[in-house]
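What follows is a single structure, written as structure tokens, with notes after it.
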Amino acid sequence: MSVKRLIHEAKELMERVGVRDPRIEISKDPAFGEVTSTSPFELARKTSRKPIEIAEDVAGKIREITKAGDLIIADAMAAKPGFINFTVNWLKYARVILDEIREEGERYGLSDHGRGATVLIEHTSVNPNKPLHLGHGRNVIIGDTLYRLFRAMGYRTVVVNYIDDSGNQMADIHVAFKRLGYKVDPPSGERYDEYCGRVYAEVSRAIEESQDLLSLKRRILGELEDPTSASSELNKLITDRVLSFQMRTCWRLGARYDILNRESDIVSFKLWDETFTMLVRSGAVYKATEGKDAGCWMINLRDHPVLSKEDDEVLIRSDGTLTYVARDVAYAAWKTGLLEKDFTYRVWGKNPDGTEILETDLRGEVRFDRGRPEIVMTVVDVRQRRPQEVVRHALSKLTGTSSGYVHFGYEVVALSIEDARKLGFNEGEGEFVHMSGRAGLYLTVDAVLDLLKSKALQEASRRHSDWDNDKLEEVAEKIAVAALRYSMLKQDTDKMIVFDSSEASRLVGDTGPYLQYTYARACRILEKSPVRERGERVGVPELVKQERDLLRVVSYAPAVFEEVLNLMLLKRLTTYAHSLCAAFNEFYEYCPVLTAEAEVRDFRLELTKAFTQVLSNVASVMGITLLNEM
RNA sequence: GGGCCCGUAGCUCAGUGGAUAGAGCGCCGGCCUUCGGAGCCGGAGGUCACGGGUUCGACUCCCGUCGGGCCCGCCA
């Protein structure tokens, strides 16, 4: 509630003096009061009066009411072109803020907006033939943060990871094993995802130059169509093994999953058949009889405002096989709960938080009811905007509405030219290079985390000569994850991230570790406090600027979470967390706590405690682990 | 050719109709006998790509131009 309570009170005041549907917003500068109304500008348009006159008039009437002193809002003043600025009785307001934090604790700022509605989130979805690179890392971090956000706002969540185990990107690796002397087992010490990623890059180059290898690849592709073939069996083995390592990386980043959907199962479980029947019945698809697509089943895009400018999309090729988009439509239909048919599962394993992960399995006996999700979010980078729009269009043909299915697109992560050169890239002119699995040009999530971790380890061991290795490792790992998650969340999703390892390995300034450091400082104060019940409820003394500033930013949390959810603006979490910590650090510099006189000390302790609560609520949604010491 | 996204301080980016355009890095100068200097304070640094328009008010909305990126396959 907090600042929203002020807004509410200001609105009521405006209404009481006759302003209908008043506009109240948080002031951009405390010099303009705590909240501000811009309604006089609107009113001026409807009448012939000047905004400033209206503002003065309204503020005067409000002042008559606030004079009584029984509200949090203390006064209203007209300002320059036509604003009405509301000031606050801070002694009273401080108590309100702190009481709310005290009562709501780890729920402070969050809401029950979802009220049990289900949201299904797909993220990660990396082909199981390589390790996760930074682009995948951005996906996992965005997806997992969405999961945390929805959960915090009262939604039931289902997190799914699409495992594209189809033959196409696997066949290369089969060729390497069959013909180029690569062993199925990796050289000792090499992770299996790293191994396959390396093999994949090396063999793709070889295939490009050899007709013979290409025809072998084609043959293997055919064999992989048959689930009972020896190649399919090997394929299952390889993908399982790679997946288990990919999942370790995801867990390392702090992510968790409910379901692993194997792409091959979309066909095995006849989800496509049911979807296709529905598509035919709805009239959304047709079989082309002439032209270049003769013999293919197409989805009709002619009534789509944008896609109609291009050709219709092939769903079933003339040889009867399915395109990627076709399977994606069926998958989306399943995700939104449109289909009668459903998967069965086996238990694949457990998340670090102890919850089970299910994997689709024809012979599986486990069932999972995903319900009919109100929201389905698919986290995929912007290059899939068009195919995702095709999927949306297909769904809207099936349901009559397009609501509920959201493509959460984000820009890719590229490498700075400096980093690319370090990886042996020697061509081109630009300032960045796109990562490519096929070219073997990428930085893995684990490599970057290890780099960050080594920096953090240096710092931590410099400060804590008494810590043992386990302790140092544990703390450094959490710092590394915080740094990476923060940096990925910080940037607008519409902007490409050009990753540069020397810049990214910074642990100072506007970073995840800054939050952790600030939290640790606050913990020291509470820890050294002589008061048994640290941060207990006490009276509010006269406030100094730094105390007011901290209280103010703390009170914004409910409005921030609401904004993040409504606008799906994850970066707002980082700017807020940063401003929160900046305010605390200023408070820390200018307001001694432990050495202050008892009344002030106890209030500052309560404020410090409140700060740690709000910061940990925000950090928890960001997936950043705070640290008592670092 | 069609469609989408981006262009703000030297660099990396916030700011999505309101009052003096903000952070971080880098640079210059300060602050540890006081709760952790992974911090704090101050300074220099901006024709918000450019040109029109809408509005009481535009970095923000609309149109155009110029740069940069992405997408348009019986690939996934």
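Counted the way the numbering used here counts, the first sequence spans residues 1 to 630.
Here a beta-carbon is modelled for each residue, glycine too, at the ideal position from N, C-alpha and C.
Cβ neighbours of residue i in the same chain (closer than 6 Å, five flanking residues each side left out)
i	result
Tyr556	Val3
Tyr324	none
His407	Thr378, Gln388
Leu437	Before going further, note that residue 437 is Gly rather than Leu in the sequence given. Within the same chain, Gly437 has close Cβ partners Lys130.
Leu565	Met153
Ser111	Met153
Beta strand (DSSP E) segment containing residue i, residue limits
i	result
Asn617	Asn617 -> not in any beta strand (DSSP E); alpha helix (DSSP H) instead, spanning 598-622.
Ala76	73-79
His133	Counting along the chain, His133 falls outside any beta strand (DSSP E), and DSSP gives it neither H nor E.
Tyr405	405-410
Ser37	35-37
Glu25	24-26
Asn85	83-88
Residue(s) in a DSSP beta bridge with residue i
i	result
Glu359	Leu260, Arg346
His123	Looking at the DSSP assignment, His123 forms no beta bridge with any residue, so it has no partner.
Arg156	Thr118
Glu429	Note: Glu429 sits in no beta bridge, so no partner.
Glu313	Ile299
Phe499	Leu415
His434	Ala414
Of the listed residues the options, nearest to residue i (C-alpha basis)
i	options	result
Asp419	Gly428, Ser111, Tyr442	Tyr442
Tyr182	Asp193, Gly167, Val203, Asn129	Val203
Thr360	Tyr162, Arg256, Pro81	Tyr162
Gly82	Val544, Ile73, Arg49	Arg49
Lys528	Arg438, Leu605, Ser465, Ile207	Leu605
Met496	Thr36, Gly135, Thr87	Gly135
Ile624	Thr608, Leu526, Met488	Met488
Arg16	Val58, Ala44, Ile26, Glu599	Val58
Gly371	Gly33, Leu457, Lys335, Gly197	Lys335
Leu120	Ile65, Gly400, Pro373, Thr511	Pro373
Gly512	Asn168, Glu194, Leu484, Thr493	Leu484
Ser465	Val412, Ala201, Asn426, Met630	Met630
Val448	Ala78, Glu429, Ile479, Asp470	Ile479
Phe587	Asn628, Arg521, Met622, Gly409	Arg521
Arg115	Arg156, Lys67, Leu315, Ser396	Arg156
Straight-line Cα distance separating residue j from residue i
i	j	result
His113	Glu563	12 Å
Thr574	Pro51	36 Å
Tyr93	Asp70	12 Å
Phe245	Arg218	28 Å
Asp258	Asp353	12 Å
Asp185	Val242	12 Å
Thr288	Arg346	Just to set this straight, residue 288 is Ala in the shown sequence, not Thr. About 40 Å.
Thr321	Cys296	10 Å
Cys581	Tyr514	8 Å
Asn617	Cys523	15 Å
Arg537	Leu569	34 Å
Ser579	Met435	33 Å
Arg392	Val96	46 Å
Val379	Arg262	17 Å
Val554	Ile72	17 Å
Gly143	Ile375	14 Å
Leu253	Glu503	20 Å
Glu274	Lys341	8 Å
Asp602	Gly535	7 Å
Ala44	Asp21	15 Å
Lys210	Leu216	It should be noted that the sequence gives Ser, not Lys, for residue 210. About 10 Å.
Gly60	Ser125	60 Å
Thr632	Thr608	Since the first and last residues shown for the chain are 1 and 630, residue 632 lies out of range.
Glu290	Ser318	12 Å
Same chain only: Cβ atoms within 8 Å of residue i, ignoring 5 sequence neighbours per side
i	result
Glu431	Ser416, Ile417, Val498
Met632	Nothing can be reported for residue 632: it is not among the residues displayed for the chain, which extend from 1 to 630.
Ile220	Gly167, Ala171, His174, Val175, Lys178, Ser231
Residue i - containing alpha helix (DSSP H), residue span
i	result
His578	571-590
Leu272	Note that residue 272 is Trp in the sequence shown here, rather than Leu. Here the alpha helix (DSSP H) through Trp272 covers 271-282.
Trp467	Premise fails: Trp467 is in no alpha helix (DSSP H) and is neither H nor E.
Thr378	That residue, Thr378, is in no alpha helix (DSSP H); its beta strand (DSSP E) goes 375-381.
Glu418	417-422
Thr518	512-528
Lys4	2-16
Nonlocal neighbours in the same chain, by C-beta distance under 7 Å from residue i, ignoring five residues either side
i	result
Val366	Thr344, Tyr345, Arg346, Val347, Leu358
Leu423	Leu441
Phe368	Ile259, Tyr345, Leu358
Gln458	none
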